[in-house]
Ligand code: ADP
């Protein structure tokens, strides 16, 4: 492997509730990504605020907090060749209504907020998010 990376995804509460976790993981595994670790958790106030700190000034921030704490999320650490960009490409753009068919958000999401998955968007954020949710940048069990 030339560019082996590990990235983090969160299956959002509505997608977990709707039973989409298996479909999402199936698509990611089919693309060659390997699950290194996974856990289900509820995002509490401080964790949520830290995770979405870059959006704290946005008008929709209170809505994100409400939505993301409305039920459990599934956090998964995934490894593979260029895993960070590979997951973002499979995911599609933020707004599910505009995401192309064939992408996870285009096929399974609803709108800008209800867009199935969070996924790390750079090496730096992947490392911070792996530490945040698994305590390590190498969360192999
Ligand atoms: P992405 O998840 O594609 O990396 P951002 O980091 O910009 O996108 O935003 C984080 C999350 O905040 C999005 O996944 C979405 O759930 C929510 N969000 C972003 N922009 C909006 C918006 N304009 N209205 C409502 N929710 C939004």
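In my numbering, the protein residues as written are 127 to 267. Here a beta-carbon is modelled for each residue, glycine too, at the ideal position from N, C-alpha and C.
Closest by CA to residue i, which one among the options?
{"i": "residue 159", "options": "205, 219 and 171", "result": "205"}
{"i": "residue 154", "options": "173, 143, 211 and 128", "result": "211"}
{"i": "residue 165", "options": "156, 128 and 138", "result": "138"}
{"i": "residue 219", "options": "202, 238 and 208", "result": "238"}
{"i": "residue 134", "options": "199, 195 and 172", "result": "199"}
{"i": "residue 202", "options": "224, 228, 246 and 182", "result": "246"}
Shorter than 6 Å, the distance from the beta carbon of residue i to the closest heavy atom of ligand 1, or not?
{"i": "residue 166", "result": "no"}
{"i": "residue 238", "result": "yes"}
{"i": "residue 186", "result": "yes"}
{"i": "residue 220", "result": "yes"}
{"i": "residue 129", "result": "no"}
Helix, strand or coil: how does DSSP classify residue i here?
{"i": "residue 184", "result": "coil"}
{"i": "residue 133", "result": "strand"}
{"i": "residue 244", "result": "strand"}
{"i": "residue 141", "result": "helix"}
Below 8 Å on the Cβ atoms is my contact criterion, and I expect residue i with residue j to pass it. Report the Cβ-Cβ distance as a whole number of Å.
{"i": "residue 131", "j": "residue 249", "result": "7 Å"}
{"i": "residue 244", "j": "residue 222", "result": "Actually they do not touch by this definition, with Cβ atoms about 13 Å apart."}
Subject >> Complete runs of the alpha helix (DSSP H) confined to the stretch 161-221 [at least 4 residues] >> reply: 171-177, 187-194 and 209-217
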